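Student: Going by my numbering, the sequence shown opens with residue 187, and the numbers climb by one from there.
The beta carbon of each residue, even a glycine, is placed where N, CA and C say it ideally should be.
In this text the structure is predicted, and so the values were computed from the model without any measurement.
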Amino acid sequence: MGTSLTLTFLGGAQTVTGSKYLLTHRGNRRILVDAGMFQGQKKLREMNWQPFPTNPSSIHTIVLTHAHMDHVGYLPVLVAQGFSGQILATAGTIRLAGIVLRDAAHLQEMEARDARKGGYSKHANPRPLYTIADVERVLPLFREVNVHTDVDLGDGLVMRMWRAGHILGATSIRFRDTTTGNAVVFSGDLGRLEHPVLVDREVPQGAPTVLIESTYGDREHPEPEIPHQEFADLVNRVIGRGGNVLIPAFAVDRTEVLLLTLQEMIEAGRIPADIPIWVNSPMGLAALDVYRDPAMAAEIDPRFKGREFINLPTLREARSMEASMALNCPDRPSIIISSSGMATGGRVVHHLAHMLGDERNGVVFTGFQAPGTRGRALVDGATELKMYGRYVPVRAEILQDREFSVHADASDLIDWLRGMSPTPTVVHCVHGEPDSARALAQRIREELGITAVVPSLGEVVRL
Ligand SMILES: [Zn+2]
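1. Are V639 and T401 close, meaning C-beta to C-beta below 8 Å?
2. Do three or more CB pairs link the stretch 463-479 to the stretch 275-285 at distances below 8 Å?
3. Mind checking whether the beta-carbon of H407 lies closer than 7 Å to any heavy atom of ligand 1?
4. Please name the residue in G635, A623, V389 whose C-alpha comes closest to that of Q200.
5. Using the C-alpha atoms, what's the distance from I425 back to S520?
6. Kindly examine ligand 1 and report whether one of its heavy atoms sits closer than 7 Å to the Cβ of H257.
7. Straight-line CA distance for R313 to P468?
8. Select from A369, E583, D587, E399 the residue whose C-alpha is nearest the C-alpha of G377.
9. How big is the Cα-Cα spacing for L626 and D487?
10. Compute the beta-carbon to beta-carbon distance between G374 and I359, rounded to the nearest angstrom, for a pair I have assumed lies under 8 Å.
11. For a test of your reading of the model: does the CB of I398 fall under 7 Å from any non-hydrogen atom of ligand 1? Yes or no.
12. In angstroms, rounded to a whole number, what distance separates the CA positions of R231 and E453?
13. My assumption, with CB atoms under 8 Å, is that I523 sits in contact with L446. Please give the rounded CB distance.
14. In this structure, does DSSP put F195 in helix, strand or coil?
15. Give the single residue among N514, M482, Y316 whose Cα lies nearest to the Cα of I353.
16. In the DSSP assignment, what residue or residues form a beta bridge with R209?
17. Going along the chain, which residues of its own chain have a beta-carbon closer than 8 Å to the beta-carbon of W235, five neighbours each way excluded?
18. Can you determine whether any heavy atom of ligand 1 sits closer than 7 Å to the C-beta of H254, and answer yes or no?
19. Along the chain, which unbroken stretches of the alpha helix (DSSP H) at least 4 residues long are found entirely within the stretch 397-479?
20. Which full runs of the beta strand (DSSP E) of 3+ residues lie inside the stretch 240-313, going along the chain?
21. Would you check whether ligand 1 has a heavy atom nearer than 7 Å to the C-beta of D386?
22. Can I353 be considered in contact with ligand 1, in the sense that its beta carbon sits closer than 7 Å to one or more heavy atoms?
23. Between V578 and V535, what straight-line distance do the alpha-carbon atoms span, to the nearest angstrom?
24. Give the range of the beta strand (DSSP E) segment to which G548 is assigned.
25. Just to confirm the assignment, what range does the beta strand (DSSP E) spanning W348 have?
26. Candidates M223, T569, R212, D595: which alpha carbon is nearest T365's?
27. To the nearest angstrom, how far is the alpha carbon of S526 from that of K572?
28. Which of the three DSSP states, helix, strand or coil, is assigned to M541?
29. Excluding five sequence neighbours on each side, which residues of the same chain lie with their C-beta closer than 7 Å to the C-beta of L293?
30. Between the alpha carbons of S243 and T335, how many angstroms are there, rounded?
31. Can you tell me where the alpha helix (DSSP H) holding Q628 begins and where it ends?
32. With DSSP run on the structure shown, which of helix, strand or coil describes L384?
33. Does the Cβ-Cβ distance between F361 and A369 come in under 8 Å?
34. DSSP state of K229, grouped into three classes?
35. Less than 8 Å separating the beta-carbons of Q272 and G558?
36. Would you give the residue range spanned by the alpha helix (DSSP H) that A596 belongs to?
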């Protein structure tokens, strides 16, 4: 094997967020795999403001695994700082990335404005990391790539994508130097063996070096006989006492999976059929349109062929800000799905500010809650929470339903690696907090006999 490929870990190393991996080919061609934003703790968020370690204009191509913010949210910064190459991704990722990035810019502009007005920012002049105008400069650089198809990146470097079963359009990516035969696989974020809505994940062709996500590298997801029992119980309890159920949900994919779950619980008679179910997230509604688009049919689980996979008569869509505000005091007990999933921003924050103080209400978290987020504070039992510069008491019932994860658990990750041929030589455990990344590395060593390491931020390895 030659050492024609060098890898630099610029994010997603011992953290779940900020995924950015720089692949250098023959010392000059530079490919960035994912351009994620750091999220969660302040010291991580501040890294979004630091100078990028390499000149963005020297990067030839950016390749995206999927459209979550921690994989695409940094693109507008790179373009503003001089990146002008192509951004390669699947059609689904391109559609969703446009929605996610516009929403992020809008939120940042609003937050900067509110913080200036409210005077509660620690910064003298709070400003957004980027604006809608910055996002509009990113979108023309996208180029659609099909899965299972070789894409020539020049100088003998070829890439190919496989489905990752995580969110619509999500992929794992394999890069191969056709001269030396050396190759590297990036898992991207991996779904469970089966996704409730999407075509299931695939195992790419193997490579000597593999980067695997480790979000839940130290955990096994529950697989109860009756799915989502605690969730159903909470809905019945809360609605029964006249409260509202608030579900902070990642707008993309989680909203779809949630709606499908609620539909199945209603059809099985486990929760009342007449509860209004509001999707209060412009981004969530836009993403739902993408999932329902016939052009995306190849991504959707074949069991939904020929029919809409979400068919809820009680579904209500809050598109305007007025409709959203009205949901703070709905005229009858309701289920409200709103983003963001970790309550770091978005409409869900004003709902929390209104609803947390009332013990009749319930809040259900449906995904990973990064340290430093409001979501994490609530699932960890916070008794008060600061929002809009004020403390609000937490009296509502809080539940974290881990069954909703669209991330593989440790055994799912091991299964994915075990299915890989040829067998990897070195596996880098990325996209996980240090404990989960280390736990996964240990299992890979013990169960698969493969060298497994946890790279640190800024580390460079020759492949
Ligand atoms: Zn993801």
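Tutor: Based on what the coordinates show:
1. no
2. yes
3. no
4. A623
5. 7 Å
6. yes
7. 23 Å
8. E399
9. 29 Å
10. 7 Å
11. no
12. 42 Å
13. I523 to L446, Cβ: 12 Å. No contact.
14. strand
15. M482
16. In the sequence on display, residue 209 carries Leu and not Arg. Paired residue(s): L193, I217.
17. L315
18. yes
19. 415-426, 440-453, 468-478
20. 247-249, 272-275
21. no
22. yes
23. 11 Å
24. 548-551
25. 343-349
26. R212
27. 16 Å
28. helix
29. G531, G532
30. 27 Å
31. 620-629
32. strand
33. yes
34. helix
35. no
36. 596-604
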